[in-house]
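Asker: Quick one: this structure, given as structure tokens, is what I'll be asking you about.
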Amino acid sequence: MFADRARLIISSGFAAVMLLMLAVIVIGYTQVEQSRRATEALVTSQNHKTSLIVAMYTAVLERSVGLLRMVNMADPFQRDEEFMRLNRHATRYAVNRQALAAMLQTTEDKTFYRQQKRLTSLVQPLEQRFVDLLAQDRLDDAKALLSGELVPAQKKVLDLLDRMLAHRKVEVDKAVARARTREDETLRLLMVLVAVAAGIGFAILRVVIRKVTRAESALFAKVTLESIGDAVVTTDADGRVTSMNPEARRLLGGVDEECCGRPITEVLPFGAGSGCNCSLGSEAENAHLQPFSGECALKTATGEELYIDVSVAPIVERKEARLGSVIVFRDITERKMMEQELRANEQRFSLIMRGTNDGIWDYDLASGELYISPRWKSMLGYAEDEFADSFHKWQRLIHPNDLGQLLDAWTECMSGESHSFAVEYRMKTKDGDWKWVECRGLALLDEDGNALRLAGSHTDISRRKNSERELYWNSTHDGLTGLVNRREFERCLEEELKITRRSTAEHALMYIDLDQFKVINDTCGHVAGDELLRQVSDLLSEKFRDSDTLARLGGDEFGVLLRGCPVSKALSVANSLR
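Under our numbering, the first residue of the sequence shown is numbered 569, with each subsequent residue one higher.
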């Protein structure tokens, strides 16, 4: 047993070490917690600023697209609806800009804000002039204003917002760097305190070693050997077993104490029938078990084969006289099975990746790194080294009319409003063509429900889209003449009637049939009749405007919807067709 003085020294030293460790823990926890809170607050503020800038960017982009649509719209009502949408985007832009102004702190932020406000003040009068020109039906002047002044001005706004986003990333990086510096300082302080605690512990250990007897050391060693979770077997200088702990007996199949004194090669048959390169054969008997470590197969007394991680070390005295060896091993059968299953899963996933027809993408929100699979790139005609894994380049290939829905879907996933999305949009291929793809995405969340990364796939749906367009065209057009069919004509007519009830515009409806068409069919055959219908359709198409709707109602009957046409003008057109 320990002497009284030894007990007193150990108790005092233990109390001192515990107090010191408690102080280390409290100081370290306080420093780390303060650093974490400051970093979280700063990153949250920067991320909020970034989200406001992204929302402003999206609003400007949507407004630009809306202006392009307005200049190509012939219907004033559609222009009004589009103008209302533009006002909503402008409102959203103003709200986000006001929120951003309230968060300005640095000189750079205020400079960016003043530049953005100045550019916005330049764009607004141009947009108002553009809308006024459209209201006056001065399309040529509106187009000239759009291409000459308005689009370049809006591009400057977008470029400035891009620079603001880049500035936000730099600010976040600086904040992270400052946080890391504080963490390094905390770590250095903790290391100093731990070194002091280690010094005190080492001094106590030296005192304890002098006071503890060999008997107590042997007892402690025995208790440790019995309690350790690894299997331990010791041998003498002749390679015969001298002891083994309970874990070793359990792994070997419940062998009893009679195994002591037997050669180690009989007790531990390593590598039996498994092609293992670990050996305890003649080399062990003649050289007292040479030191080695590795993974081996072990056949137990019950015939069960286990995989074990084994290490052999000599037991020597100070004069290097070898007293025996100690063999430590643990059961790694379950780990081996998991490794095999993992390799099988990796091979399966690799095979699926090579065999699937979809492109795979993975975006790490924390690092901003994007992975794009080779199939994703080849779908657009690019080789592996021709397309950089860049989200900005990805966006540039998306059709301007489709970009908004993808950005909205990404924003919803990153903000936690949804956990997955599926959108369809057009992408420009390497040859300059547009290809329809379906993008599916899934958000990977942390314990707090925040998105860590987004991953998904790209599926080529061009064939399906072409089929849909072809089916829609066949359902709304006459197959012989290529004109609108009766059902589509009636739908257009009903839609125009609803609009007319809310306006004073005049429209005309005209029905046309061919005289003596039956005689042509009976005398010349249906082939000649069909050709006549096609030629008549071509002639009639030349007589009407693009805004009018010409349809074949059936047989030799045609219908025409003349939009914005007074009765007198309609009579004149009808008489010209006789």
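Where a beta carbon is used, it is the ideal one built from N, C-alpha and C, also for glycine.
Helix, strand or coil for Tyr950, going by three-state DSSP, please let me know.
Answerer: One-based indexing of the sequence shown puts residue 950 at position 382. DSSP places Tyr950 in coil when its eight states are reduced to three.
Asker: Taking only the alpha-carbon atoms, compute the straight-line gap between Gly849 and Thr833 and give it to the nearest angstrom.
Answerer: Position 281 of the sequence shown holds residue 849. Position 265 of the sequence shown holds residue 833. Any reading at Gly849 must be qualified, since the residue scores a pLDDT of 46, below 50, and its modelled position is unreliable; no value is offered.
Asker: So, with DSSP's three-state summary, where would you put Ile796?
Answerer: As a first step, residue 796 is located in the sequence shown; it is residue number 228 there, counting from the start. In the structure shown, Ile796 sits in coil (DSSP, three-state: anything other than H, G, I, E or B).
Asker: Using the Cβ count rule (16 or more neighbours within 10 Å means buried), how would you classify Ser935?
Answerer: Locating residue 935 in the sequence shown gives position 367, where the first residue counts as 1. Looking at its Cβ environment, which holds fewer than 16 other Cβ atoms inside 10 Å, Ser935 is exposed.
Asker: Helix, strand or coil: which one does DSSP assign to Thr1149?
Answerer: With the chain represented from 569 up to 1146, any question about residue 1149 goes unanswered, as that position is not in the structure.
Asker: Evaluate contact between the region 997 to 1005 and the region 977 to 987, counting only Cβ atoms and requiring at least three cross-stretch pairs below 8 Å.
Answerer: The region 997 to 1005 vs the region 977 to 987: no contact.
Asker: Rounded to the nearest angstrom, what separates Arg916 and Leu910 at their Cα positions?
Answerer: For the purposes of this step, residue 916 is taken as residue 348 along the sequence shown, with counting starting at 1. For the purposes of this step, residue 910 is taken as residue 342 along the sequence shown, with counting starting at 1. Looking at the two C-alpha atoms, the distance is approximately 10 Å.
Asker: Using only alpha-carbon positions, find the residue among Lys685, Thr688, Gly1127 and Ala712 that is nearest to Phe698.
Answerer: If you number the sequence shown from 1, residue 698 lands on position 130. Nearest option by C-alpha distance: Ala712.
Asker: What is the DSSP secondary structure of Pro837, reduced to helix, strand or coil?
Answerer: Here residue 837 refers to the residue found at position 269 of the sequence shown. Coil at Pro837, not helix or strand.
Asker: DSSP beta-bridge partners for Pro831?
Answerer: The count along the sequence shown starts at 1 and reaches residue 831 at position 263. Arg808, per the DSSP bridge assignment.
Asker: Could you tell me the alpha carbon to alpha carbon distance between Val639 and Leu701, rounded to whole angstroms?
Answerer: Taking the sequence shown and counting its residues from 1, one reaches residue 639 at position 71. Taking the sequence shown and counting its residues from 1, one reaches residue 701 at position 133. Going by the C-alpha atoms only, they are around 10 Å apart.
Asker: Who are the near neighbours of Met947 in its chain, counting only those whose CB is closer than 8 Å to its CB and skipping five residues on each side?
Answerer: Within the sequence shown, residue 947 is the residue found at index 379, counting from 1. Hits under 8 Å: Gly927, Lys1003, Val1005, His1026 and Asp1028.
Asker: Within 10 Å of its beta-carbon, does Ser893 have 16 or more other beta-carbons around it, so buried, or fewer, so exposed?
Answerer: Numbered from 1 along the sequence shown, position 325 holds the residue referred to as residue 893. Flag for Ser893 reads buried.
Asker: Do Ala747 and Ser613 have their beta-carbon atoms positioned less than 8 Å apart in this structure?
Answerer: The count along the sequence shown starts at 1 and reaches residue 613 at position 45. The count along the sequence shown starts at 1 and reaches residue 747 at position 179. Their beta carbons are not under 8 Å apart, which means Ser613 does not touch Ala747 by this criterion.
Asker: Would you identify the three-state DSSP class for Met641, choosing helix, strand or coil?
Answerer: Sequence index remark: in the sequence shown, residue 641 carries index 73 (1-based). Coil, per DSSP.
Asker: For Glu719 versus Val611, is the C-beta spacing smaller than 8 Å?
Answerer: The residue given as residue 719 occupies position 151 in the sequence shown. The residue given as residue 611 occupies position 43 in the sequence shown. For the record, residue 719 in the displayed sequence is Val; it is not Glu. Contact flag unset, no.
Asker: DSSP three-state label for Phe1126, please.
Answerer: Locating residue 1126 in the sequence shown gives position 558, counting from the first residue. Three-state result, Phe1126: strand.
Asker: Going residue by residue through the region 991 to 1067, where are the continuous alpha helix (DSSP H) segments of at least 4 residues, counting only ones entirely within it?
Answerer: DSSP runs (the alpha helix (DSSP H)) wholly in the region 991 to 1067: 1030 to 1044.
Asker: Using the DSSP secondary-structure output, state which residues sit across from Thr1117 in a beta bridge.
Answerer: Locating residue 1117 in the sequence shown gives position 549, counting from the first residue. Bridge partners of Thr1117: Leu1129.
Asker: When burial is assigned at 16 or more other CB atoms within 10 Å of the CB, is Trp962 buried or exposed?
Answerer: Reading the sequence shown from its first residue, position 394 is the one you call residue 962. Under this definition Trp962 is a buried residue.
Asker: First and last residue of the alpha helix (DSSP H) that includes Arg698?
Answerer: Walking along the sequence shown from the start, residue 698 turns up at place 130. The question names Arg, yet the displayed sequence has Phe at residue 698. Counting along the chain, the alpha helix (DSSP H) containing Phe698 begins and ends at Thr675 to Ala703.
Asker: Are there three or more Cβ pairs, one per stretch, closer than 8 Å when the region 1124 to 1140 is compared with the region 1050 to 1064?
Answerer: Cβ pair count under 8 Å is three or more, so yes.
Asker: Return helix, strand or coil for Met569, following the three-state DSSP convention.
Answerer: As a working note, residue 569 is residue 1 in the sequence shown. Only weak support exists for where Met569 lies, its pLDDT of 46 falling under 50; the value from the coordinates is given anyway. It is coil, neither helix nor strand.
Asker: Ignore the nearest five residues each way along the sequence and tell me which others in Arg1021's own chain have a CB closer than 7 Å to its CB.
Answerer: The residue given as residue 1021 occupies position 453 in the sequence shown. Closer than 7 Å at the Cβ level, and outside the excluded window around Arg1021, lie Asp930, Tyr931, Asp932, Leu933 and Leu1012.
Asker: Do you know how far the Cα of Glu1062 is from the Cα of Glu630?
Answerer: Counting from one through the sequence shown, the residue named residue 630 turns up at place 62. Counting from one through the sequence shown, the residue named residue 1062 turns up at place 494. When rounded, the distance between both Cα atoms is 31 Å.
Asker: Out of Met671, Ser1071, Glu676 and Gln722, which one is the CA nearest neighbour of Pro693?
Answerer: Taking the first residue of the sequence shown as position 1, residue 693 is located at position 125. Residue Gln722 is the option with its Cα nearest to Pro693.
Asker: With DSSP run on the structure shown, which of helix, strand or coil describes Ser1109?
Answerer: By one-based count along the sequence shown, residue 1109 stands at place 541. Three-state result, Ser1109: helix.
Asker: Taking only three categories from DSSP, how would you classify Phe959?
Answerer: By 1-based counting over the sequence shown, the position of residue 959 is 391. Phe959 falls in the helix class under three-state DSSP.
Asker: So, with DSSP's three-state summary, where would you put Arg647?
Answerer: Along the sequence shown, one-based indexing puts residue 647 at 79. Helix, per DSSP.
Asker: Verify whether the separation of the beta carbon atoms of Leu836 and Val801 is less than 8 Å.
Answerer: Position 268 of the sequence shown holds residue 836. Position 233 of the sequence shown holds residue 801. Cβ atoms of Leu836 and Val801: closer than 8 Å.
Asker: For my contact list, Pro1134 and Glu1074 are in at a C-beta cut-off of 8 Å; report their separation, rounded to the angstrom.
Answerer: Locating residue 1134 in the sequence shown gives position 566, counting from the first residue. Locating residue 1074 in the sequence shown gives position 506, counting from the first residue. Between Glu1074 and Pro1134 the Cβ distance is about 5 Å, and since that is below 8 Å, they are a contact.
Asker: Sort Asn615, Val691 and Val622 by Cα distance to Ser632 and report the nearest one.
Answerer: Here residue 632 is taken as the residue at index 64 of the sequence shown, counted from 1. Considering only alpha carbons, the answer is Val691.
Asker: How many whole angstroms separate the CB atoms of Leu668 and Ile621, which I take to be in contact at a CB cut-off of 8 Å?
Answerer: In the sequence shown, the residue the question calls residue 668 occupies position 100. In the sequence shown, the residue the question calls residue 621 occupies position 53. Right, the Cβ-Cβ distance comes to about 7 Å (below 8 Å), so this counts as a contact.
Asker: Do you know offhand how far Ala662's Cα is from Ser983's?
Answerer: One-based indexing of the sequence shown puts residue 662 at position 94. One-based indexing of the sequence shown puts residue 983 at position 415. Rounded to whole angstroms, Ala662 to Ser983 spans 21 Å at the Cα level.
Asker: Could you tell me which residues DSSP pairs with Pro814 in its beta bridges?
Answerer: Residue mapping note: residue 814 aligns to position 246 of the sequence shown, counting from 1. None; Pro814 has no bridge partner.
Asker: Measure the Cβ-Cβ separation of Val594 and Leu729 and say whether it is below 8 Å.
Answerer: By 1-based counting over the sequence shown, the position of residue 594 is 26. By 1-based counting over the sequence shown, the position of residue 729 is 161. The answer is no: Cβ separation not under 8 Å.
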